[in-house]
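Beneath this line is the structure, given in structure tokens, with notes to follow.
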Amino acid sequence: MNKNYCPSLTEYKRRKTRVVNIGGVPMGGDYPIRVQSMTTVDTMDTIGSVEQCIRMIEAGCEYIRITAPSIKEAENLKHIKEELRRRGYSVPLVADIHFTPNAAEVAARIVEKVRVNPGNYADKKKFELIEYNDETYQAELNRIRDRFVPLVRICKEHGTAMRIGTNHGSLSDRILSRYGDTPLGMVESALEFIRICEAEGYYDLVISMKASNTQVMVQAYRLLVQKLDEEELQPYPLHLGVTEAGEAEDGRIKSAVGIGTLLEDGLGDTVRVSLTEAPEAEAPVAKALIDRYTNRAEQADPIKPICNVPIDPFQYHRRETIETENLGGQNVPRVIADLSRLTDVQYADLKCVGHLYSMLLDKFNMNDLGADYIYTGDNPINFMLPNGLKEIVNYSSWLKSERSEHKHPLLSAEQYLANTARDHKLNFILATISELTSQLLDQLKTDGTAVLVLQTSNAHAMPELRKCFFRLMNNGVQVPCIIKRAYGELTSDEIQLYASTDVGGLLIDGLGDGVMLSTELLPEQEKSEWLQMIDSLNKLSFGILQAARTRMSKTEYISCPSCGRTLFDLQETTAMIRKRTDHLKGVKIGIMGCIVNGPGEMADADYGYVGVGKDKIALYRGQTVIKKSVPADRAVDELIELIREDNRWTEPVILED
6 MNKNYCPSLT EYKRRKTRVV NIGGVPMGGD YPIRVQSMTT VDTMDTIGSV
56 EQCIRMIEAG CEYIRITAPS IKEAENLKHI KEELRRRGYS VPLVADIHFT
106 PNAAEVAARI VEKVRVNPGN YADKKKFELI EYNDETYQAE LNRIRDRFVP
156 LVRICKEHGT AMRIGTNHGS LSDRILSRYG DTPLGMVESA LEFIRICEAE
206 GYYDLVISMK ASNTQVMVQA YRLLVQKLDE EELQPYPLHL GVTEAGEAED
256 GRIKSAVGIG TLLEDGLGDT VRVSLTEAPE AEAPVAKALI DRYTNRAEQA
306 DPIKPICNVP IDPFQYHRRE TIETENLGGQ NVPRVIADLS RLTDVQYADL
356 KCVGHLYSML LDKFNMNDLG ADYIYTGDNP INFMLPNGLK EIVNYSSWLK
406 SERSEHKHPL LSAEQYLANT ARDHKLNFIL ATISELTSQL LDQLKTDGTA
456 VLVLQTSNAH AMPELRKCFF RLMNNGVQVP CIIKRAYGEL TSDEIQLYAS
506 TDVGGLLIDG LGDGVMLSTE LLPEQEKSEW LQMIDSLNKL SFGILQAART
556 RMSKTEYISC PSCGRTLFDL QETTAMIRKR TDHLKGVKIG IMGCIVNGPG
606 EMADADYGYV GVGKDKIALY RGQTVIKKSV PADRAVDELI ELIREDNRWT
656 EPVILED
């Protein structure tokens, strides 16, 4: 199988693409990775749209997308553009089109770029399984060509660029019937349109493969690049994004897991972070993700090339490992919280890792984000830990401490190879890529008590850790592995994005049986600040595991970022639904502002809350509508009732503090 999808798995190199000029702001080639976002104001509100565009430009947007759901909105793009130019702003505008080819043909004469979705440009989605033979399938392709070619010719005539934007949740019934709800289906959906463009001699294309599921999204982009090369089509620039990423911390983590994983491998020429927030909040997050790679090639330490890639980059398979205590095997990835800089830890301090002590009841409660292990280094805990929580201490401290089935040593590779005394059940071995010698690998092969803790100081961290995993797999070593990342004096926002990329990029490929995050802050910090930082890193660890779809520990909200089509206040509604349902561990709820971002875009949500009219909501179970026109003031109660009917509702538990 051809596994090539990027210039290098070990050296940071941008994928070389065609240059597409979009209103004087070129994309691709050697040009910088561009930032973009989308307006949320009604497109018919010219001044409101212009003022929001200006806020977005000032926040760092280089392209601005505006929805054009019908011809009247497409025509009004002219007035928005003219007013922006009158005020001195030359930012390129992108018309966002769903369902309405006529609107696309109008917009293509006005703006610098149009975005079309192959899943609904020439198809109506009815969620029907259709049987095709080659002849009837070709007839469908001919129908699509007839509908699409007029837009291609208009774009070619007016020098208008086009994004062919496939969405996982809105694949046509035809694609679903032949390829299924898969990354391959997403890629084929785009390729059908790309082939039509190339047959017309039109190449000003940008391609995207968006999904709310980060695994699907990453696999689809990789497969797209591989298929473009395989068919000898043009190397088109890529627009990166995770659809319906959500809000606040969860939205940023999920975006970084998907987008950052691709940026690490040199894929991506423009980025849009889709948050359920004001659009001007999106650009700084996108820019922070992009800026990490500005000087990556110069900053990174060399990594030797990989001779054999032991994974399928287009399909998720978890690395096969032996089960060591509750690590590896079929166990979910574990969270290790780093408390090693704390001295004199008290019962109450464990609240920062999700274990809450009630002085009144003299007992611990664990919330859904309770760490599985704590690393205390040379400062072992001097009291009995709550049930289920285990402790890791440095080897020298473990030798001195009283033996306990809940306390396990962390050895250096050198200490481990010295055949020193060890725990009879569980030993953690800290190692870097240079320490994964044949001697260490041979010893690990026969040790059923060993768990590797892999770390790196390389600026090109994720690829170096990935190579560590590949070395283990190619040598038949099946010990569980913890991904350890320690960050310098970064902002909390930077740590959030960088860790999500470094750890999430590995988890998406099935690599990693746990995560351990720490930060190298100044030692004179107050204890309260340390506890706050540990709490933040603990929540971040669980958030990354959830975003990579490897451990579901909380409710997941698949909420669109709002646009001019939205029929209610998405931020306010999402906050309201979250307040009522955020205790439903593992339940996925889609919150969509309109039918365009409705059942399809929710993809793998368990339940859906979709705007269908003014103050009217449709409720879904999966992709099936259950209630079609619920008044907005009753919709959340009706949603909860639907969850109750499925026996998935539990009452929230208030833990004693």
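Numbering (the working numbering), first residue to last: 6 to 662.
For every residue, glycine included, the Cβ atom is placed at its ideal position computed from N, Cα and C.
Just so you know, these numbers come straight off a predicted model, no measurement behind them.
Within the segment 97-160, the runs of alpha helix (DSSP H) at least 4 residues long that lie entirely inside it are, in chain order, 106-112.
Residue state for G333 is assigned as coil, using DSSP reduced to three classes.
The count of Cβ pairs closer than 8 Å, one atom from the segment 391-406 and one from the segment 289-309, stays below three, leaving the stretches out of contact. In the three-state reduction of the DSSP assignment, P636 falls in the strand class.
Closest by C-alpha distance to F369, out of N384, T51, F388, is F388.
Per DSSP, reduced to three states, the secondary structure at I434 is strand. By the CB criterion at 7 Å, I622 and V635 fall inside the cutoff.
Checking the DSSP bridge columns, you'll see F369 partnered with Y362. Taking D255 as reference, the option from L647, D651, M597, T579 with the minimal CA-CA separation is T579. In the same chain as Q320, and ignoring 5 residues on each side of it, the C-beta atoms closer than 7 Å to its own belong to Q224, in chain order. In the structure shown, M581 adopts helical secondary structure according to DSSP, grouped into three states. Classified as exposed, P657 has fewer than 16 neighbouring CB atoms from the shown chains inside 10 Å of its CB. Between the alpha carbons of G273 and N26 lies a gap of roughly 16 Å. Looking at the DSSP output, N172 sits in a beta bridge with K215.
Beta-bridge annotation (DSSP): K593 is paired with E561. Contact check for S505 and G271: beta-carbon distance about 18 Å, past the 8 Å limit, so the pair fails to qualify. In this structure, the alpha-carbon of K21 lies about 52 Å from that of R639.
Straight-line spacing of the CA atoms in N399 and Q351 works out to 20 Å.
The DSSP assignment places 287-296, 301-304 as complete runs of the alpha helix (DSSP H) inside the segment 287-353, in order along the chain (cut-off: 4 residues). Residue state for H429 is assigned as coil, using DSSP reduced to three classes.
For the options G93, G53, F104, the alpha carbon positioned closest to that of L82 is the one of G53. Spanning the alpha carbons of L459 and H465 requires a straight line of approximately 14 Å.
With a 10 Å radius around the Cβ and a threshold of 16 neighbouring Cβ atoms, A288 comes out buried.
Per DSSP, reduced to three states, the secondary structure at H163 is helical. Under the three-state reduction of DSSP, I85 is assigned to helix.
Counting C-beta pairs closer than 8 Å gives fewer than three between the segment 295-308 and the segment 439-455, which falls short of the contact rule. The beta carbon of D540 lies closer than 8 Å to those of K356, C357, V358 in the same chain, with the five residues before and after it left out. Here DSSP, grouped into helix, strand and coil, assigns T51 to helix. Closest in C-alpha terms to D428, from the list T329, S345, V337, comes T329. Boundaries for S462: no alpha helix (DSSP H) harbours it, and the DSSP string shows neither H nor E there. Nearest C-alpha to E237 among I199, N218, L243: I199. Ranked by Cα distance from A455, the options L511, D518, S406, T461 are led by D518.
Boundaries of the alpha helix (DSSP H) around P188: 188-204. R23 carries a coil assignment under DSSP once its states are collapsed to helix, strand and coil. In the DSSP assignment, E396 falls within the beta strand (DSSP E) that extends over 395-399. Contact between the segment 113-122 and the segment 161-173 is present, with at least three C-beta pairs closer than 8 Å.
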